[in-house]
Amino acid sequence: MSVPDYMQCAEDHQTLLVVVQPVGIVSEENFFRIYKRISSVSQISVRDSQRVLYIRYRHHYPPENNEWGDFQTHRKVVGLITITDCFSAKDWPQTFEKFHVQKEIYGSTLYDSRLFVFGLQGEIAEQPRTDVAFYPNYEDCETVEKRIEDFIESLFIVLESKRLDRATDKSGDKIPLLCVPFEKKDFVGLDTDSRHYKKRCQGRMRKHVGDLCLQAGMLQDSLVHYHMSVELLRSVNDFLWLGAALEGLCSASVIYHYPGGTAGKAGAQRVPGSSLPAEAANRHRPGAQEVLIDPGALTTNGINPDTSAEIGRAKNCLSPEDIIDKYKEAISYYSKYKNAGVIELEACVKAVRVLAIQKRSMEASEFLQNAVYINLRQQESKRKSSEAKTTKKQGFWKLSEEEKIQRYSILSELYELIGFRRKAAFFKRVAAMQCVAPSISEPGWRACYKLLLETLPGYSLSLDPKDFNKGTHRGWAAVQMRLLHELVYASRRMGNPALSVRHLSFLLQTMLDFLSDQEKKDVTQSLENYTSKCPGTMELITLPDGLTLPPVPFTKLPIVRRVKLLNLPASLRPQKMKSLLGQNVSTKSPFIYSPIIAHNRGEERNKKIDFQWVQGDVCEVQLMVYNPMPFELRVENMGLLTSGVEFESLPAALSLPAESGLYPVTLVGVPQTTGTITVNGYHTTVFGVFSDCLLDNLPGIKTSGSTVEVIPALPRLQISTSLPRSAHSLQPSSGDEISTNVSVQLYNGETQQLVIKLENIGMEPLEKLEVTSKILTTKEKLYGDFLSWKLEDALAQFPLQPGKVATVIINIKVKLDFSCQETLLQDLSDDGISVSGFPLCSPFRQVVRPRVENKPVNPPEGSKPGDSSHVKTLEAILNFKYSGGPGHAEGYYRNLSLGLHVEVEPSVFFTRVSTLPATSTRQCHLLLDVFNSMEHELTVSARNNEELILHAGECQRMAIQVDKFNFENFPESPGEKGQFANPKQLEEERQEARGLEINSKLDIREAHPSLKRTGEASVEGLLNQLVLEHLQLAPLQWDVLVDGQPCDCEAAACQVGDPVRLEVRLTNRSPRSVGPFALTVVPFQDHQNGVHNYDLHNAVSFVGSSTFYLDAVQPLGQSACLGALLFLYTGDFFLLIRVHEDSTSKELPPSWFCLPSVHVRSLEAQA
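Numbering (the working numbering), first residue to last: 9 to 1175.
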C-alpha cells in the first residue's frame, strides 16, 4: 500500500468503506451534487438492534490499498455506487457493461453495488431492478437517500454473515492464514502443522474477527477479540499483525472514551451518536452489546470458548494513558517493516488526533516528528514500476508531487491541532513550495498562494495593517519578510498585479523598521514598477475563496506625529455678537449652573475645538511629519479626509529630504456647507499607492482635537491705506492680532488724514460696519481727539457687493504737552542757546528721564533740539467690525484690525506763561514765551493776532489779549456725578475742561513754510492754577457808570462845577447769596511818575456820603447804589472804589472784588 490516507482517525476502524464513482462522462457538478446526498447517509441504526452502522464514502480510492483489506477490514471496499448519464436505450447495454467493468476493480472485496442512471426513461427504466436505480434527471431524484439506506442494510447483512461465519466456524477445518500482500511469498513452503503456525493463524483470525465486530457495532466483543489476538500474536512474535491488533484495541478504546470522535474540524464528516436519540447513545457502554458469540465455538481450533466471561470487564478497554502507550508499541512494530510505512504513518496520525483531544501536545509532537521521517519512497517506486505503463496517462507521476503536498498539508493541520502554530506554518509553507517545484511542468501558483496565506497566523502575521499598530512587534521579522516576498512573487506569477501591489505595500508599511537602507530602496523600486501598471488603491481585494485583503494605507510614509487644526487668520476669525450669544445656548435648567450640563459639554470638548471655520473660506490643518526613508520622499496628492460637512480638499504635493526630522506641512480645503466637520485623517499618493490614513489608526499621534464647527458664510474685507506699511508690529496686551500696520511721522499739533479703502473680496455682501479705536498704553498725555472719523459716506454704499470698495477717512490729530521739559532746557543751555524766562511748573508735565549731572563733554552728533531722543511715540488700533450674508443672520461678525504707529516730533515749546491785566476788568493779556525747537523757521499765530516768526532755536514772547472766562458756567462732567468719584480726578477733569475752553478761544496755529505743513499749538497742559485764576471771570460782576455811561475803558468827561452822577452795579453770578457790602470811593491823581496824590479835599467834593451801601444780592440777582461828585478844578482824576473789609467781605476771595478803576477828566465849563 503506497497511498496513505492522511484523514484517517481511530473511529474510521468501525466504518464500512463505500466508493462512489462516475461511469462514463458525468459533469463534475452533477456528480458532486449526488455524492453530497449519498454521503449524508453516513450512519443508520440496525433494525431490531441497538447497533449503529457507520459508512465512510470515498470518490477516489487506489485499488492497491484494497489489497490490505484482510489486514484491517476498514481499508476494504465493501460497497460500490456508480453514477452515470444515459439518455437513450441504445446506450444502455454499453453503460451497463461499464458498470460491470468498474465492479471488477474491487470485485474481490465488494459486498454489494449499485448503479444510479440519470436521463433514461421508457421500458428499460420501468423494469424493477435491485442493483440499478433510474431517475429522469438530477432534480427529480427524491429516493436517493432511501435507496442508499437499503444499500447499507444489504451491506450489513453480508457483514454480519461474515462475522458469524468467522466467529462460529465449527467445520473443524484449519483456520486460514490471513496475509498482507508482501507476505505471501514469504510463507511459501512453511510447515502448516506446526504449533507456531497455528497460533499465528489463530491470532490473525482473532484480530480479523475483532475488526468485523467493531464494524458491526459490537464494541465490547471487539475488545475481547483484540485482547485475545494480542496474547496469541505476541507469543509467536508476529509483530506486524501484533501492531494491527494493538491499533485495533486502541481504536476500540478511543471509540469508547471519545464518542464525539477525534477527527476534529479537518476530517469530521460525522459525529458518532450526535444525531441519534439519547437511548441509542448507550450503545458504547459495557453490557449494552448484543452477545452473538457461541461459548463453545471454535473449541476444536484452540480458541478459548468462554469469551463471554471477558465481556463486561473494565480491563478490556484501555485507559486514555494506555491508549497512547499501545499506539507507541504498535508503531514500533510497524517500523520493523519497510512495506508498512503507510500503516505506520496513518497510525501516527491517529495517535496525534487522540493526543490532541487529551491536550498532550508534547507527546503528540513526538508522533508527528516520527511521521515526518517515515520513508515512503520504496513503496512509491514499487508502485510506479509495476503500474507505470497503465497509469502514466492518469497522472500518477504528478500524483507523487500531490501526495507530498497533501502530506505536508496534513502535517501542518495536525501541528495546528496540537497548538504548534509556527511548526504548522512551516510545513504549510513547505507544501506551498512543493506546489511550484521545478519538477512540475505546470506549477500551481494559485495553490501555492493559497497555502502561503494559510501560513500567516503561524508566523504571527496578519494581512490587516491595524494589527501592527498595537504594542510591540510580534514574531520573527526576517521570516515574515521572506514570507511576504513569496506572496508578492506568487501573486505576480498568478497574473494578479493588484495583489502584488497590496502585499508589497503591506511589506513596506509593516516591516519598515526592520528593512535595511538597501532593502528599502529595492522594495520601493519594485513597488513603483508594479504600480506603473496597476496603481494601488484603498479598495478591498476579495480572493476567490472569499478571503478579503484590507487596504494598506501608508501611515509611515511619511510618519505623522502631530495634527493641529489651525484657526483662521485674525482678520477672518468669526466672532459672536454679544447680544446674540445667549440665543444659541440651550438652557432648559432653571439654574445658573448645572453640573449635568457642564459634564456633557466637557465630553463634547474632548475633540471639539473652541474656534469656528467659515463656509467658503480656506481652512488649514497643520501636520508635523518626517521622512524615515534614506532617500528623498515624494508625496503626491496629499489632502484631508473629512466628514459631517461637504468639504473641498485642495491637494498638495511635497518632497521631504532623506530622514528629514519633523517637518511642518499645511493641508488646506474649503468647507462648502455648514455644520460640524470632523477631520478624520488625510490621503496621500506615495510610490503610486493611494492611501487613506485615518487619525484613529495612527500610533503615537498628538492632536488637540479634530472636530470644529463651520458657520455660515461671511464677507471678507481687504484693507489698503494711504500711509506706508510700518516695520513696527504692535503687540496689544489684549492679545488681539493686527492684520496690517501703518506708520506716520507728525509734528506735535499736526493733523493728517488717513484714507482707508475697504474692498469686499468675498462672495457675500457687506451689510454692517462699525469702526472703533483703542489707544495703547502710553506715557504721554494726549489732548483732544487723537482719532476721529465719519462713516456716513461709506455707509451710504451699503450693502457693499462683492468686488466693491468703500472709503473711510480717519483724522489723526496729535496734541501732546507743549510745555518745555527740564531735559530739553538743559540740552538748550548746553548748546549755548539763550532761553528767556523760567521753565513752567505744569502739573501735567512729565519728566522723561532724570537730569544728567555728569553730561559727556562731547555730546554725539544729532543731539540737537528735535533729536530722536525727544520724539514721542503713539500707538493705536483701529478695529473694523463688519458682517453680512448668512453669517450676519446667525449673529456672527468679523473684526479687521489696523495698527497705527505715530512718531511725534516736537515743534514749538511754551517755556513760560504769565498774565497781565488789561484796561478792562473783563479782559487780560496772556503772555507766552514761545521757543522754536526745530532747525527751520516757523510762524506762530493766534486768533486776531499777527504772525510771530521764529527762527531755528529762537525764543520770543507772545502777548494775546483774551476775554476772561466764566468757568462756573461749565457743565459738570459725568465723573463729578459719580458717587465714588475721586476728588483729585474731578479737579483734574475740571482743569482739563478749562484748558480746552481757553485753547479753543486762543486758536494758536503754527506753520512750517518750508515744509508746507501746519498744526495747532495747544496750551492745555501749560496753565497752572494761578494763571487760571487770572483768566477766570469773577463771579461778582462790578459795573461803574458815570453819568449813566460805563467807564471801563475810556475816560469820562465832565465840567468843573457840575455834579457827576456815580452808579455802582453788582451782578451776582455765583451760586450763593452775597452781601451786604459797603463801598468807599477814594479819588486820586496819578502824576505819571509813580506818585499818587490822595489829598484832594479841596479839588473833589462828594455830594452826600463817600460811602455807598449795597444790599444782599441773591444768585443771578442785581443790586445798585448811587452817589454824586463835584470836581472843583480841571484835570485827570481817578476814583478808587474799595470794599470795606468786614465779616461779609472776608468770606469771599479777593479776586471777587475786582472793581474797575474810574478815570474822569474835568474840563473847563463852557460859557
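Cβ atoms here follow ideal geometry from the backbone N, Cα and C, with glycine treated the same way.
Query: According to DSSP, residues forming a beta bridge with Leu906; Result: Thr748, Leu886
Query: Bridge partners - Glu767, DSSP secondary structure assignment; Result: Gln726, Val813
Query: Residues near Asp93 in its chain [Cβ-Cβ closer than 6 Å; skip 5 each side]; Result: Val34, Phe126, Gly127
Query: Exposure of Pro566, with buried meaning 16 or more beta-carbon neighbours within 10 Å; Result: buried
Query: Residues sharing a beta bridge with Val1108, DSSP; Result: Phe1135
Query: Reference Arg965; option with closest CA among Asn645, Glu954, Asn974; Result: Glu954
Query: Contact the region 22-37 vs the region 430-448: 3+ CB pairs below 8 Å; Result: no
Query: Collapsed DSSP secondary structure at Thr23 in the structure displayed; Result: strand
Query: CA-to-CA distance, His67 to Leu520, given in whole angstroms; Result: 49 Å
Query: Identity of the residue in Ala133, Arg83, Asn73, Val622 nearest Asp99 by Cα; Result: Ala133
Query: For Thr518, the residue or residues it bridges with in DSSP; Result: Note: Thr518 sits in no beta bridge, so no partner.
Query: As assigned by DSSP and simplified to three states, the class of Val1064; Result: coil
Query: Start and end residues, alpha helix (DSSP H) containing Ala439; Result: 429-443
Query: For Arg951 and Leu1010, believed in contact at Cβ under 8 Å, the rounded distance; Result: 6 Å
Query: Beta carbon of Gln931 nearer than 7 Å to that of Gln969; Result: yes
Query: Three-way DSSP call (helix, strand, coil) for Arg500 in this model; Result: helix
Query: Residue range of the alpha helix (DSSP H) that includes Phe190; Result: Phe190 -> no alpha helix (DSSP H), and no H or E assigned at all.
Query: Uninterrupted beta strand (DSSP E) stretches inside the region 47-107 (no shorter than 3 residues); Result: 51-53, 60-66, 85-93
Query: Cβ-Cβ distance between Val1072 and Val1090 below 7 Å; Result: no
Query: Spatial neighbours of Leu956 in its chain, beta-carbon cut-off 8 Å, leaving aside the 5 residues before and after; Result: Val938, Thr947, Val948, Ser949, Gln964, Met966
Query: Range of the contiguous alpha helix (DSSP H) that encloses Lys334; Result: 328-342
Query: Nearest-angstrom Cβ-Cβ length linking Gly540 and Leu512, presumed shorter than 8 Å; Result: The sequence as given places Ser at residue 540; Gly does not occur at that position. Actually they are not in contact, since the Cβ atoms of Ser540 and Leu512 sit about 13 Å apart, beyond 8 Å.
Query: Cβ-based neighbour list, Asn575, same chain, cut-off 7 Å, excluding 5 preceding and 5 following; Result: Arg581, Phe619
Query: Cα-Cα separation, Leu906 to Met646; Result: 35 Å
Query: Length of the line joining the Cα atoms of Glu147 and Lys111; Result: 27 Å
Query: Same chain only: Cβ atoms within 6 Å of Leu702, ignoring 5 sequence neighbours per side; Result: Asn688, Gly689
Query: 6 Å Cβ shell around Ser53 - same chain, five flanking residues per side excluded; Result: Val60
Query: Short Cβ contact (7 Å threshold) for Ile382 with Leu425; Result: no
Query: His233 classed as buried or exposed, judged by whether at least 16 other C-beta atoms fall within 10 angstroms; Result: buried
Query: CA nearest to the CA of Glu410, picked from Phe434, Ala379, Ser447; Result: Ser447
Query: Within 7 Å, strictly: CB atoms of Pro1164 and Thr929; Result: yes
Query: Extent of the continuous beta strand (DSSP E) run through Leu958; Result: 956-958
Query: In DSSP terms, what Asn940 is bridged to; Result: Val916
Query: DSSP-derived helix/strand/coil call for Gln999; Result: helix
Query: Reference Val1166; option with closest CA among Pro810, Arg1069, Tyr119; Result: Arg1069
Query: Inter-residue CB distance, Glu1000 and Lys823 (contact presumed, cutoff 8 Å); Result: So it is not a contact: roughly 12 Å between Cβ atoms.
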